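Residue numbers (this note's numbering), protein chains in the order written: chain R, 9 to 122; chain H, 3 to 117.
Glycine included, each C-beta is placed from N, C-alpha and C at the ideal position.
Nothing here was measured: the structure is a model prediction, and the numbers come from that model.
Each remark here refers to the structure printed beneath this line.
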């Protein structure tokens with residue numbers, strides 16, 4: 009069975025500060041990993057994904073994540089937070105075999121202080 | 003372009019009533035997924051369709067939940083005899099295929115409140 013753990017249900021940073029949202033996963037096979045963002049009253053939007061190849065993945069809005077197999081981690085970072093980054097972020101791992109159902113972490117709400 | 007749409011956006015119902023939630027996927031997307039998001043929690047997988055067949059119903063929480071899909075188009079999630087614990091946001095997603103690398107595009111969700 010697959011699982012995803014996001015450390016910290018709430019993270020608060022100052023505008024301009026580094027954003028680090030943590031994600032650890034368990035999977036019996038090489039995983040495909042995703043970060044989604046959910047703005048208030050909106051659906052989930054894909055930020056970035058890791059499938060194969062380069063372990064440092066760049067996404068939209070200046071976010072990036074690094075797949076570290078030895079640490080079973082896929083932490084999301086952004087060098088400088090912007091007020092518009094305030095949202096809920098979900099890490100997910102894809103299913104094994106056909107189907108591609110996603111297993112999500114519990115989410116991290118990012119708050120950005122002026 | 004048109005994204006995934008869901009209706010209604012909000013539904014308030016009384017315990018014991020049946021509800022139907024609708025999802026219109028992106029045109030051409032063969033795979034369709036239903037997830038549930040309870041307050042303060044992550045998303046739980048419910049069911050997925052490839053075309054109009056549902057190979058995996060393992061996430062449906064009870065036999066009160068059912069879903070169907072017409073061709074590669076609209077899907078309906080039905081909850082019979084609703085209970086308060088069914089209160090959640092129900093999210094639908096679609097993708098070009100059901101392989102692990104296919105991106106899922108999510109709709110805005112239906113917020114269900116069972117009184």
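Exercise. In angstroms with no decimal places, state the Cα-to-Cα distance between residue 101 of chain R and residue 83 of chain H.
Key: 32 Å
Quiz item: At what residues does the beta strand (DSSP E) containing residue 71 of chain R begin and finish?
Solution: It is not in any beta strand (DSSP E) - residue 71 of chain R carries neither H nor E in the DSSP assignment.
Quiz item: Span of the beta strand (DSSP E) holding residue 33 of chain H?
Solution: 33-39
Exercise. Return the first residue and the last residue of the beta strand (DSSP E) that residue 15 of chain H is part of.
Key: 12-15
Practice problem: Tell me whether residue 92 of chain R sits in a helix, a strand or coil according to DSSP, three-state version. | Solution: helix
Quiz prompt | Any C-beta of chain R under 8 Å from that of residue 106 of chain H | solution = yes
Exercise. Please go through the same chain and pick out, in chain order, the residues whose beta-carbon is closer than 8 Å to the beta-carbon of residue 65 of chain H, but skip the five residues on each side of it.
Key: none
Quiz item: Using DSSP with H/G/I as helix, E/B as strand and the rest coil, what is residue 57 of chain R?
Solution: strand
Quiz prompt | Under the three-state DSSP convention, the category residue 58 of chain H falls into | solution = strand
Quiz item: Considering only the beta carbon of each residue, do residue 56 of chain R and residue 67 of chain R sit closer than 8 Å?
Solution: yes
Exercise. Taking residue 69 of chain R as the query, report the chain H residues whose CB atoms sit under 9 Å from its CB, ordered along the chain.
Key: Here the premise fails: no neighbours, minimum Cβ distance about 16 Å.
Practice problem: Spell out whether any CB of chain H is found under 8 Å from the CB atom of residue 59 of chain R. | Solution: yes
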